[in-house]
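Heads up, the thing below is written out as structure tokens.
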Amino acid sequence: MTGTLVMTAGSGTTTPYADFYPIMPGLQQHGRVVLYERPGYGWSEAADTPRDVDTIAEELHHLLAASGELPPYILLGHSMGALEIIRFAQLYPEEVAGLIFLDGTSPQYARDFSTNWVADIGWNAIATAKHIGLLRALSDMNLINGMFVDIDDLPEELKKLKIIMALRNANNPDMKEERQRLKENGLAVLRGGSLGDLAILVLSAPNNGYPNWANTQNELIQLSNNSQQIKFEQAGHYIHHDAPDKVISSIASFITSLQ
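Numbering (this note's numbering), first residue to last: 23 to 281.
This is the structure:
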């Protein structure tokens, strides 16, 4: 592998390790893979810094260096994770060999993002239920655990981990602030401009149900003069859950092309 593959999850993913488990073992056969769990995600503690995209990218850069990882990096971002890897490439272009968007969110989508009152009420209701212990009580009665374990064929220990992390991390303040900053984060990435001829792989689920999602994917393609797209017409937003083998082979071929 040309460089280390660094993976970062989408917004609200309570346990990125379990989320990426369907593709991690396969990708590790092609080289070193590092999974990054942002503050408030997985086992990472909450942040005491703002959740703007520059801070998030700088934190990732610092952690990679502090842990002894060496560039060049190939950065993979799912969904909203696309914003931080684009910004990383803008801030540290000499350290990035390529970007992989896993049904990523474009900066234009983030800039135009808005929620409605129904979605906000639902989001806050889950946060409140967690805070007062209601989620845990329902989990202890096995009434909601099926909602947390939403990936087929996970090992039993990872099913348990997903439940633990959902009760620990669901809709926490870091995730809330990320949502609140989506517009400004999208604008910051747009101000960063084009990525020139940086190699980019866009893995897209154009029929995932999000409005105008094909346009969003096209916006990601236009970030570079050296982009390629692979469409997963029958997959949902979590392509790596629905078509893990094809995702692995697509990423492996892209990495080989960088060598």
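Ideal Cβ positions, reconstructed from N, Cα and C, are used throughout, including at glycine.
None of these values were measured; they are calculated from a predicted model.
Cross-strand partners of residue 253 (DSSP beta bridge): Here the question's residue 253 lines up with position 231 in the sequence shown. Looking at the DSSP assignment, residue 253 forms a beta bridge with 226.
Using the beta-carbon count (16 or more within 10 Å), is residue 154 buried or exposed? Residue mapping note: residue 154 aligns to position 132 of the sequence shown, counting from 1. So residue 154 ends up on the exposed side.
Provide the residue(s) that pair with residue 58 in DSSP beta bridges, ordered along the chain. Counting from 1 along the sequence shown, the entry for residue 58 is found at position 36. Answer is 30.
What residue range is occupied by the uninterrupted alpha helix (DSSP H) comprising residue 269? On the sequence shown, residue 269 is found 247 positions in, with the first residue counted as 1. Element bounds for residue 269: 266 to 280.
According to DSSP, is residue 212 helix, strand or coil? Here residue 212 refers to the residue found at position 190 when the sequence shown is read from its first residue. Helix, per DSSP.
Return the residue from the list 125, 38, 30 and 69 that minimises the CA-CA distance to residue 229. Taking the sequence shown and counting its residues from 1, the one referred to as residue 229 is at position 207. Residue 125 is the option with its Cα nearest to residue 229.
Check for me: the alpha helix (DSSP H) holding residue 105 runs from which residue to which? Start at 1 with the first residue of the sequence shown, and residue 105 comes out as number 83. Here the alpha helix (DSSP H) through residue 105 covers 103 to 113.
First and last residue of the beta strand (DSSP E) that includes residue 120? As a first step, residue 120 is located in the sequence shown; it is residue number 98 there, counting from the start. Per DSSP, residue 120 belongs to the beta strand (DSSP E) from 118 to 124.
Residue 96, DSSP secondary structure in three states: Here residue 96 corresponds to residue number 74 of the sequence shown, with the count starting at 1. Strand, per DSSP.
Tell whether a beta-carbon distance below 9 Å holds between residue 220 and residue 272. As a working mapping, residue 220 is identified with position 198 in the sequence shown. As a working mapping, residue 272 is identified with position 250 in the sequence shown. In this structure, residue 272 does not lie closer than 9 Å to residue 220 by Cβ.
Delimiting residues of the alpha helix (DSSP H) encompassing residue 187: In the sequence shown, counting from the first residue as 1, residue 187 sits at position 165. Looking at the DSSP string, the run of the alpha helix (DSSP H) that includes residue 187 is 178 to 191.
Does the distance from the C-beta atom of residue 34 to that of residue 192 stay below 9 Å? Translated into the one-based positions of the sequence shown, residue 34 becomes position 12. Translated into the one-based positions of the sequence shown, residue 192 becomes position 170. Yes, these two residues count as a Cβ contact at 9 Å.
Inter-residue CB distance, residue 36 and residue 188 (contact presumed, cutoff 8 Å): Looking up residue 36 in the sequence shown gives position 14. Looking up residue 188 in the sequence shown gives position 166. About 5 Å separates the two Cβ atoms, so the contact holds.
Near residue 44, which residues of its chain fall below 7 Å by C-beta distance, leaving aside the five closest residues on each side in sequence? Here the question's residue 44 lines up with position 22 in the sequence shown. So the list reads 173, 262, 263 and 266, once near-sequence residues are dropped.
Beta-carbon gap between residue 75 and residue 194 smaller than 9 Å: Your numbering for residue 75 matches position 53 in the sequence shown. Your numbering for residue 194 matches position 172 in the sequence shown. Contact: no.
Stretch-stretch touch, CB-based, cutoff 8 Å, three pairs: the stretch 161 to 170 with the stretch 209 to 218: no
Sequence-distant residues of the same chain with beta carbon closer than 7 Å to residue 61, five excluded per side: In the sequence shown, counting from the first residue as 1, residue 61 sits at position 39. Cβ neighbours of residue 61 beyond the five flanking positions: 67, 68, 69 and 196.
Just confirm the distance between the C-beta atoms of residue 78 and residue 96, as a whole number of angstroms; I'd bet it's less than 8 Å. Taking the sequence shown and counting its residues from 1, the one referred to as residue 78 is at position 56. Taking the sequence shown and counting its residues from 1, the one referred to as residue 96 is at position 74. Not a contact, Cβ separation roughly 18 Å.
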